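S.K.: There's a structure below that I have some questions on.
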Amino acid sequence: MKNYAVVQHTYSEFLGLIETQLEKRDIGFSYYRPFVGQGLPGSAGQFDGLWLLGGAWPTADQDNNPQVPDELQLIRIFQKARRPVVGLGMGGLLVAQVAGGKAAMEPAYTSGFVTARKTSAGAGDALAEALDGQRVLTLYHGAVALPDGLEPILVDDEGRWLAVRPDPLTYGLLFRPEMKPGMLEDIIMEQGHNPPPGITELLVEARREWSGMQKITDQVVMALVTELQLMQERRKMPVFSLKME
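Heads up: the sequence shown begins at 1 in UniProt numbering, then just goes up one per residue.
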């Protein structure tokens with residue numbers, strides 16, 4: 001059975017709809033919760049990939065996210081081991097940081113349904129092709145400005161990036177395909193969370209959009225399975241040459 005490491009940043013935000021989809025494909029998960037003091041994995045050897053989930057604070061907020069440097073290093077470890085990496089929301093921001101992006105505290109909140117638009121960089125990418133013109137839910141804190149040379153594969157109607165693919169096995173998504181209305185309810189109720197001021201309205205809209213959200217999740221998972229070959233087991237570490245050039 002394939003096993004993925006999953007970094008969780010709040011009690012309310014887990015793999016949600018995606019978890020069910022991947023379990024059907026014989027993929028299991030090992031959750032790591034640094035927000036309760038749990039350490040992160042030290043290597044990628046026992047895992048087939050890495051998922052990084054949404055969170056309650058900007059990645060630039062060192063007080064509320066002191067573990068960010070460790071997460072950035074973990075992403076690099078999985079990338080060097082040629083394991084798939086997928087970041088959602090806060091996780092997407094972390095992926096962009098590892099690629100050279102600059103983290104910022106503002107805007108404090110970004111939330112709402114937007115229309116995804118494929119860019120020229122997304123042409124031929126299964127994820128970008130599937131979501132072009134689709135309404136997706138965004139929910140994240142802070143921002144990461146993309147570095148020169150990294151073009152998004154999806155943007156919203158205002159040109160803000162929604163998805164990047166810095167290398168063939170890594171995706172950073174600012175939209176939230178794992179989210180379901182019940183998770184938004186839990187975010188509202190979770191003590192110490194930092195929900196956006198309009199989250200109640202977002203919950204109402206999510207309930208209206210529920211059928212479409214489920215279809216989006218199906219499309220996202222199918223695209224990631226195709227592009228990242230998620231059904232392939234990758235437990236055996238690649239062999240690195242020690243020969244000096």
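All C-beta atoms in this analysis are idealised placements derived from N, C-alpha and C, irrespective of residue type, glycine included.
Here the structure is a predicted model, which is why all the values come from computation and not from measurement.
#1: Here's a check: name, in chain order, each residue in its chain whose Cβ is nearer than 6 Å to the Cβ of L173, leaving out the five neighbours to either side.
#2: If we count Cβ pairs, one from each stretch, closer than 8 Å, do we get three or more for the region 51-65 versus the region 138-146?
#3: Mind reading off the beta-carbon distance from Y4 to W51? Whole number of angstroms is fine, and I expect it under 8 Å.
#4: What are the complete alpha helix (DSSP H) segments, minimum 4 residues, inside the region 206-238?
#5: Do you know how far the Cα of R135 is from the Cα of F78?
#6: Does the region 35-49 come close enough to the region 215-224 to have 3 or more Cβ pairs within less than 8 Å?
#7: Can you tell me where the alpha helix (DSSP H) with T10 in it begins and where it stops?
#8: Whole angstroms are fine: how far does the CA of P177 sit from the CA of S111?
#9: Is R117 near D167, with beta carbons less than 9 Å apart?
#10: Using the DSSP secondary-structure output, state which residues sit across from R117 in a beta bridge.
#11: What runs of the beta strand (DSSP E), each 3 residues or longer, lie entirely inside the region 157-181?
#12: Would you mind giving the Cβ-Cβ distance between L53 and F14, rounded to the nearest angstrom? I have them listed as a contact below 8 Å.
M.R.: In short, the structure shows the following:
#1: L88, G92 and A163
#2: yes
#3: 6 Å
#4: 210-228
#5: 31 Å
#6: no
#7: Note, T10: premise wrong, no alpha helix (DSSP H); not H, not E.
#8: 13 Å
#9: no
#10: V155
#11: 161-167 and 170-173
#12: 7 Å
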